[in-house]
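A.B. asks: The numbering used here applies: residue 185 is where the sequence shown begins, and numbers increase by one. Ideal Cβ positions, reconstructed from N, Cα and C, are used throughout, including at glycine. Computed from a predicted structure; not experimentally measured.
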Amino acid sequence: ASKLERDTLRKQLDDSEERRTELENAAVANQQASKKLPALEKEVSGLKRQVLEKDREIQGLQEDIIEVRQMYRTQLDALLSDAVGSESNGNSTQPQPSPSKPKPPAPPSPATPLP
185 ASKLERDTLR KQLDDSEERR TELENAAVAN QQASKKLPAL EKEVSGLKRQ VLEKDREIQG
245 LQEDIIEVRQ MYRTQLDALL SDAVGSESNG NSTQPQPSPS KPKPPAPPSP ATPLP
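1. Would you identify the three-state DSSP class for Thr277, choosing helix, strand or coil?
2. Between the alpha carbons of Thr277 and Gln234, how many angstroms are there, rounded?
3. To the nearest angstrom, report how far apart Leu193 and Ala223 are at their CA atoms.
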């Protein structure tokens, strides 16, 4: 029975040593991770700030797009109402050619020298 007990105790000791080594390795890894944590938290904070800035920029651009659409819609409505008004008055909506200007007179030819 003593040999069996000794083998059992040896096995338990080996298992305990293996578990201790695993725990030491985990502790070292946790220590290294905790040293990196402040830098990572600072980086996350900076990235959050950048995301907020981009969100504000996107919101501003979306508002600009809405404003430009409204402006174009207003202009289009005005043009359409002018076109409808012109058609009802019998005027054509096509642009009329501008009257042509008379050509300016040609410059006088240089005088020929007298002999």
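C.D. replies: So, to answer that:
1. Taking the first residue of the sequence shown as position 1, residue 277 is located at position 93. Any answer about Thr277 is weak, because its pLDDT of 48 lies below 50 and its placement is not dependable; what the coordinates show is given next. In the three-state reduction of the DSSP assignment, Thr277 falls in the coil class.
2. Locating residue 277 in the sequence shown gives position 93, counting from the first residue. Locating residue 234 in the sequence shown gives position 50, counting from the first residue. Any reading at Thr277 must be qualified, since the residue scores a pLDDT of 48, below 50, and its modelled position is unreliable; no value is offered.
3. By 1-based counting over the sequence shown, the position of residue 193 is 9. By 1-based counting over the sequence shown, the position of residue 223 is 39. In this model, Leu193 and Ala223 are separated by some 46 Å (Cα to Cα).
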